[in-house]
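Only one structure is covered here, and it is reproduced in the block below.
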Amino acid sequence: MFQNHAQITTSHSIPGFREVPKTGVIYVMSEAEKLGFTYDSAQWANLGQGSPETGPLAGAPPRIESLEIPPAGHRYAPVEGDLVLRQRVAELYNELFRKNKTSKYTYENVSISGGGRSALTRVAAALGNVNMGHFLPDYTAYEELLSIFRAFSPIPLLLDLETEYQMSSDALRKRIMGLGLSAVLASNPCNPTGQLIAGSCLRKWVEVARETHCTLILDEFYSHFVYRRVSEKPFQLVSAAEYISPGIRKAVPTGFCCRIPG
Numbered sequence: 006m007f008q009n010h011a012q013i014t015t016s017h018s019i020p021g022f023r024e025v026p027k028t029g030v031i032y033v034m035s036e037a038e039k040l041g042f043t044y045d046s047a048q049w050a051n052l053g054q055g056s057p058e059t060g061p062l063a064g065a066p067p068r069i070e071s072l073e074i075p076p077a078g079h080r081y082a083p084v085e086g087d088l089v090l091r092q093r094v095a096e097l098y099n100e101l102f103r104k105n106k107t108s109k110y111t112y113e114n115v116s117i118s119g120g121g122r123s124a125l126t127r128v129a130a131a132l133g134n135v136n137m138g139h140f141l142p143d144y145t146a147y148e149e150l151l152s153i154f155r156a157f158s159p160i161p162l163l164l165d166l167e168t169e170y171q172m173s174s175d176a177l178r179k180r181i182m183g184l185g186l187s188a189v190l191a192s193n194p195c196n197p198t199g200q201l202i203a204g205s206c207l208r209k210w211v212e213v214a215r216e217t218h219c220t221l222i223l224d225e226f227y228s229h230f231v232y233r234r235v236s237e238k239p240f241q242l243v244s245a246a247e248y249i250s251p252g253i254r255k256a257v258p259t260g261f262c263c264r265i266p267g
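Here our numbering is used: the sequence shown runs in plain steps of one and ends on residue 267.
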């Protein structure tokens with residue numbers, strides 16, 4: 006019995022577990038480490054995760070070397086994040102995107118997660134028995150993440166060069182209606198194509214989500230990497246939060262889900 010079991014496993018596998026592929030930055034970092042990358046080396050810089058983060062870099066600001074944590078801070082943190090922090094995030098979004106709107110976000114519209122993948126995993130785990138669309142190409146972790154859950158059916162939506170890897174609101178409506186989608190996942194700006202849905206196009210996406218009763222799950226982690234001006238502002242941050250109106254239950258958290266940096 007043990008002999009037969011050994012024959013169907015490999016030296017790299019653990020009984021009961023599948024081989025988990027490395028995607029995107031994780032793969033690159035793994036390969037870099039094989040070539041000698043370390044975070045304290047001045048010969049290397051990780052430009053894939055908000056770096057250079059550490060290391061003896063000339064002219065770099067002082068690094069935080071220690072933190073004092075009061076006894077009360079040693080307990081488990083709230084699963085959804087500290088209430089004060091959640092309220093501050095809500096106020097930031099109100100300042101950036103909802104200044105002239107009657108409805109404002111509060112801490113109840115915000116959940117804090119220790120990392121983007123854990124946040125997306127929470128969202129995916131909460132989905133019901135529905136069809137969920139996701140774009141190809143898009144963030145490489147999505148396809149691997151979505152294949153884990155069995156409650157919903159992930160349906161790829163192909164983007165191509167002829168449309169410059171974008172999807173109009175009319176095309177989005179056709180996909181939602183034709184495939185019976187109850188949710189759509191996308192990164193905006195998109196990783197890896199760099200395409201941006203902004204302005205009137207993003208507004209129309211939100212309107213389509215409302216009209217078709219489809220939840221938008223937008224990964225806005227790269228929303229501050231906008232290098233072309235889409236308005237008269239000196240700098241540009243893009244978020245669907247700017248176009249959410251009262252009563253759009255399918256387009257606010259958890260309907261409109263936003264992953265932000267930091």
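All C-beta atoms in this analysis are idealised placements derived from N, C-alpha and C, irrespective of residue type, glycine included.
For clarity, every value in this text was computed on a predicted model and none was experimentally measured.
Identity of the residues DSSP links to residue i by a beta bridge
i	result
P76	In the DSSP output, where bridge partners are listed per residue, P76 has none listed.
S158	N136
V189	G138 and L221
L150	Per DSSP, none; premise fails for L150.
L163	L141
Residue i versus the options, residue with shortest Cα-Cα distance
i	options	result
G119	V231, Y81, T111 and A188	Y81
S173	A156, Y144, E167 and C206	C206
R180	Y112, V213, T107 and L201	V213
V189	T198, G204, R215 and L166	R215
G133	Y147, P142, V243 and A156	A156
V94	Y110, D165, E247 and G29	Y110
Y144	K27, P76 and I19	K27
Helix, strand or coil at residue i according to DSSP, with G and I counted as helix
i	result
N51	coil
D224	strand
V243	coil
L207	helix
F22	coil
L177	helix
L201	coil
K39	helix
M172	coil
CA-to-CA distance, residue j to residue i, given in whole angstroms
i	j	result
W210	D175	9 Å
N114	Y98	10 Å
S334	S228	Here the chain covers residues 6 to 267 and nothing more, so residue 334 does not appear.
H79	D87	13 Å
Y112	V89	8 Å
V128	R23	22 Å
F226	Q200	14 Å
T220	S187	6 Å
A37	R233	32 Å
V25	Y32	11 Å
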